[in-house]
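Asks:
Number of protein chains: 2
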Amino acid sequence: METGTTIRKRDAAATRAAILAAARQRFLRESYDSVGLREIAALAGVDVALISRYFGGKEGLFREVLGHDDKRPDLFHEPQSVDELPDFMARLIMEDEDEDRHQRMEMFVILLRSASSPKAGVIIRDMVREEVLEPLAATIGGDHPEMRAHMLLAILMGVGVLRTVMEAEPVEMSEENGDMCRASFRNLFDAALKG
Amino acid sequence: METGTTIRKRDAAATRAAILAAARQRFLRESYDSVGLREIAALAGVDVALISRYFGGKEGLFREVLGHDDKRPDLFHEPQSVDELPDFMARLIMEDEDEDRHQRMEMFVILLRSASSPKAGVIIRDMVREEVLEPLAATIGGDHPEMRAHMLLAILMGVGVLRTVMEAEPVEMSEENGDMCRASFRNLFDAALKG
DNA sequence: ATGCTAAGTCAACACCTGTTGATTTATTTC
DNA sequence: GAAATAAATCAACAGGTGTTGACTTAGCAT
């Protein structure tokens with residue numbers, strides 16, 4: 003059950019990391035409001051009090067899970083041309099092997115799960131605007147970049163919602179189905195950009 | 003502040019309706035977990051106890067807000083051919099004047115807001131599968147109807163998430179922008195169906 | 001080995017949650 | 001008008017929330 007059950011010997015950094023990992027794990031499955039600090043603490047094998055002590059409270063913990071202050075690379079910071087975008091986003095949706103992509107998608111899930119909580123919402127909205135919508139619109143350029151960025155992100159988030167929150171998988175991902183599915187998404191993103 | 007401030011004279015049906023309206027109003031803005039019964043009761047101008055009394059509890063109230071038992075028409079029940087779908091969904095996104103469409107979109111927002119709450123989630127998932135994904139796939143037909151249905155719904159929900167949860171509007175909706183935007187969405191849905 | 005300090009624990013806080021039983025109030029029926 | 005009944009209220013519950021201060025313990029330096 004516990005994440006950091008390996009007996010830590012009074013290492014502040016390690017327990018911090020354990021709490022962070024446990025929190026991430028929980029926020030990945032449920033919303034900000036429905037996840038309790040005691041729950042996270044138990045999962046990390048730590049006393050509840052430490053959370054408020056180390057992160058200043060639940061809100062601070064959540065902010066740190068999102069890596070809002072950290073030097074984590076922006077969700078869409080890599081320099082891409084608009085031509086690479088469809089393929090890039092299709093891969094983002096379909097391939098979980100790539101560790102970087104996987105983490106990026108997990109981040110989106112966390113965002114989606116808690117976005118309707120009053121406290122978490124403000125944190126999330128800022129993050130999405132700054133780190134996703136604006137850079138995306140910048141790389142898109144052209145006539146109505148904001149609208150195009152919206153469409154792209156809408157597809158990405160929509161698929162995320164369906165997959166995780168609604169627990170529905172579009173199609174068996176194995177074999178050539180995966181290739182077909184990825185191609186379809188590529189076309190879809192292409193249409194969103196040029197249509 | 004209150005919804006049913008017009009002094010009701012001990013009318014069970016009317017107070018039920020007032021509670022339902024208040025609940026709908028709150029669940030439209032926040033998640034299942036973050037909305038309290040006392041909050042709803044205050045908005046309806048009613049004592050908290052009445053909610054549990056009339057609806058059997060918070061969960062029952064939510065279920066009734068969703069109209070899961072009611073004879074509300076299915077979210078996608080209308081007999082449409084696959085050709086009409088792109089235009090239909092584009093209008094669903096863009097036009098709020100139509101009362102029916104407006105209510106349907108509101109329902110989607112409520113679904114999205116609370117889908118990550120453990121208790122509300124199970125209710126919502128069933129509803130989406132039964133009333134949206136399955137009928138949608140049925141009207142689509144063809145090669146991979148489930149995947150196509152997923153794509154359509156993903157776009158719809160993605161836009162919903164961006165609009166409401168992320169509080170981001172794709173483009174100023176007035177003037178010819180609206181027409182352009184609707185055309186783009188139509189193309190997008192078209193690509194999702196045929197691409 | 002002995003202090004000293006950082007790390008972790010414990011208990012309690014004040015508040016809020018949904019829910020229930022007893023009670024009061026208004027409305028209708030005889 | 002009095003009795004009966006439905007509607008609404010009140011107060012309290014048991015349990016949960018995040019957070020805080022005082023306390024204990026482990027690990028390191030001298």
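Protein sequence lines, in the order shown, are assigned to chains X and G.
Using my numbering, the first residue of the first sequence is number 3, and each one after it goes up by one.
Using my numbering, the first residue of the second sequence is number 3, and each one after it goes up by one.
Glycine included, every Cβ here is placed at the ideal spot set by N, Cα and C.
Measure how close the beta-carbons of Leu-113/G and Ile-126/G come, nearest whole angstrom, since I'm counting them as under 8 angstroms.
Replies: Against the second sequence, residue 113/G aligns to sequence position 111. Against the second sequence, residue 126/G aligns to sequence position 124. Contact holds; Cβ gap of about 5 angstroms.
Asks: According to DSSP, simplified to helix, strand and coil, what is Lys-60/X?
Replies: Locating residue 60/X in the first sequence gives position 58, where the first residue counts as 1. If DSSP states are grouped into helix, strand and coil, Lys-60/X belongs with the helices.
Asks: Taking the alpha-carbon of Leu-77/X as reference, which of Asp-98/X, Met-107/X, Asp-89/X, Val-67/X has the nearest alpha-carbon?
Replies: Here residue 77/X refers to the residue found at position 75 when the first sequence is read from its first residue. Residue Met-107/X is the option with its Cα nearest to Leu-77/X.
Asks: Quick check: is the beta carbon of Ala-200/X nearer than 8 angstroms to any beta carbon in chain G?
Replies: The structure shown does not extend to residue 200/X, since chain X spans only 3 to 197, so no value can be given for it.
Asks: Indicate whether Met-109/X and Val-163/G have their beta-carbon atoms separated by less than 8 angstroms.
Replies: Mapped onto the first sequence, residue 109/X falls at position 107. Mapped onto the second sequence, residue 163/G falls at position 161. In this structure, Val-163/G does not lie closer than 8 angstroms to Met-109/X by Cβ.
Asks: State the Cα-Cα distance for the pair Arg-12/X and Glu-66/X, rounded to the nearest angstrom.
Replies: Position 10 of the first sequence, counting from 1, holds the residue named residue 12/X. Position 64 of the first sequence, counting from 1, holds the residue named residue 66/X. Computed Cα separation, rounded: 21 angstroms.
Asks: Give me, in chain order, the residues of the same chain whose beta-carbon lies closer than 7 angstroms to that of Ile-53/X; leave out the 5 immediate sequence neighbours on both sides.
Replies: The residue labelled residue 53/X in the question sits at position 51 within the first sequence. Cβ neighbours of Ile-53/X beyond the five flanking positions: Ile-21, Leu-39, Ile-42, Ala-43, Leu-63.
Asks: What residue range is occupied by the uninterrupted alpha helix (DSSP H) comprising Gln-27/X?
Replies: Start at 1 with the first residue of the first sequence, and residue 27/X comes out as number 25. Element bounds for Gln-27/X: 14-29.
Asks: Please confirm whether Glu-178/X has its beta-carbon closer than 8 angstroms to some beta-carbon of chain G.
Replies: Numbered from 1 along the first sequence, position 176 holds the residue referred to as residue 178/X. So no, Glu-178/X is outside the interface.
Asks: Can you list, in chain order, the residues of its chain whose CB lies under 7 angstroms from that of Asp-49/G, leaving out five sequence neighbours each side?
Replies: In the second sequence, the residue the question calls residue 49/G occupies position 47. Excluding sequence neighbours, Asp-49/G sits near Ala-43.
Asks: Give me the Cα-Cα distance between Met-91/X and Ala-15/G, rounded to the nearest whole angstrom.
Replies: Residue numbering aside, residue 91/X sits at position 89 when the first sequence is read from its first letter. Residue numbering aside, residue 15/G sits at position 13 when the second sequence is read from its first letter. If you take the alpha carbons of Met-91/X and Ala-15/G, they lie about 51 angstroms apart.
Asks: From the DSSP output, in three-state form, read off Gln-82/X for me.
Replies: Translated into positions along the first sequence, residue 82/X becomes position 80. Coil at Gln-82/X, not helix or strand.
Asks: For Glu-136/X, name the three-state secondary structure that DSSP assigns.
Replies: The residue labelled residue 136/X in the question sits at position 134 within the first sequence. Here Glu-136/X sits in helix by DSSP.
Asks: Does the region 177-197 of chain X come into contact with the region 23-36 of chain G, if we say contact requires no fewer than three beta-carbon pairs (one atom in each stretch) closer than 8 angstroms?
Replies: The answer is no - the region 23-36 of chain G does not touch the region 177-197 of chain X, with fewer than three Cβ pairs under 8 angstroms.
Asks: Taking Cβ to Cβ, would you say Leu-135/G is nearer than 8 angstroms to Phe-191/G?
Replies: As a working note, residue 135/G is residue 133 in the second sequence. As a working note, residue 191/G is residue 189 in the second sequence. No, the Cβ-Cβ distance between Leu-135/G and Phe-191/G is not below 8 angstroms.
Asks: Tell me the rounded alpha-carbon separation between Pro-88/G and Arg-184/X.
Replies: Stepping through the second sequence from its first residue, residue 88/G is reached at position 86. Stepping through the first sequence from its first residue, residue 184/X is reached at position 182. Using only the alpha carbons, I get a separation of about 21 angstroms.
Asks: So which residues of chain X does Arg-127/G contact, with C-beta pairs closer than 9 angstroms?
Replies: Position 125 of the second sequence, counted from the first residue, corresponds to residue 127/G. Per Cβ cutoff of 9 angstroms: Val-167, Met-168, Glu-169, Ala-170.
Asks: Any residues in the region 13-37 of chain G with a beta carbon nearer than 8 angstroms to a beta carbon of chain X? Which ones, in chain order?
Replies: Under the 8 angstroms Cβ criterion, the region 13-37 of chain G contributes Glu-32, Ser-33, Asp-35, Ser-36.
Asks: Please say whether Gln-82/X and Thr-141/X have beta carbons closer to each other than 8 angstroms?
Replies: Indexing the first sequence from 1 puts residue 141/X at position 139. Indexing the first sequence from 1 puts residue 82/X at position 80. It is a contact, given that the beta carbons lie within the stated cut-off.
Asks: What's the call for Arg-28/X, buried or exposed, on a 16-neighbour Cβ count within 10 Å?
Replies: For the purposes of this step, residue 28/X is taken as the residue at position 26 of the first sequence. Result: buried.
Asks: So, is the C-beta of Leu-63/X closer than 8 angstroms to a C-beta in chain G?
Replies: In the first sequence, the residue the question calls residue 63/X occupies position 61. No, Leu-63/X does not count as interfacial toward chain G.
Asks: Below 8 angstroms between beta carbons: does that hold for His-152/X and Ala-170/G?
Replies: Indexing the first sequence from 1 puts residue 152/X at position 150. Indexing the second sequence from 1 puts residue 170/G at position 168. It is a contact, given that the beta carbons lie within the stated cut-off.
Asks: Would you mind stating whether Val-161/X and Ala-117/G have Cβ atoms separated by less than 8 angstroms?
Replies: For the purposes of this step, residue 161/X is taken as the residue at position 159 of the first sequence. For the purposes of this step, residue 117/G is taken as the residue at position 115 of the second sequence. No. Outside cutoff.
Asks: Can you tell me the Cα-Cα spacing of Glu-86/X and Asp-128/G, whole angstroms?
Replies: Sequence index remark: in the first sequence, residue 86/X carries index 84 (1-based). Sequence index remark: in the second sequence, residue 128/G carries index 126 (1-based). So the two alpha carbons sit approximately 37 angstroms from each other.
Asks: DSSP three-state call for Ser-186/X: helix, strand or coil?
Replies: The residue given as residue 186/X occupies position 184 in the first sequence. The answer is helix: DSSP assigns Ser-186/X an H, G or I state.
Asks: Could you work out which residue in Pro-75/X, Ala-19/X, Arg-10/X is closest to Glu-133/X when comparing CA atoms only?
Replies: Translated into positions along the first sequence, residue 133/X becomes position 131. Ranking Pro-75/X, Ala-19/X, Arg-10/X by Cα distance to Glu-133/X puts Pro-75/X first.
Asks: Report the neighbours of Ser-118/G on chain X: residues whose CB is nearer than 8 angstroms to its CB, in chain order.
Replies: The count along the second sequence starts at 1 and reaches residue 118/G at position 116. Correct list: Glu-32, Ser-33, Ser-36, Leu-114, Arg-115, Ser-116, Ser-118, Val-167.
Asks: Out of Gly-59/G, Arg-10/G, Val-84/G, which one is the CA nearest neighbour of Pro-147/G?
Replies: For the purposes of this step, residue 147/G is taken as the residue at position 145 of the second sequence. Comparing Cα positions, the closest option is Val-84/G.
Asks: To the nearest angstrom, how far is the alpha carbon of Phe-187/G from that of Ala-19/X?
Replies: By 1-based counting over the second sequence, the position of residue 187/G is 185. By 1-based counting over the first sequence, the position of residue 19/X is 17. Roughly 44 angstroms between the two C-alpha positions.
Asks: Of the choices Asp-102/G, Gly-47/G, Lys-60/G, whose alpha-carbon is the least far from that of Lys-121/G?
Replies: Stepping through the second sequence from its first residue, residue 121/G is reached at position 119. Closest option to Lys-121/G, Cα to Cα, is Lys-60/G.
Asks: Is there a Cβ of chain X sitting closer than 8 angstroms to that of Ser-186/G, yes or no?
Replies: As a working mapping, residue 186/G is identified with position 184 in the second sequence. Yes - at least one Cβ of chain X is within 8 angstroms of the one on Ser-186/G.
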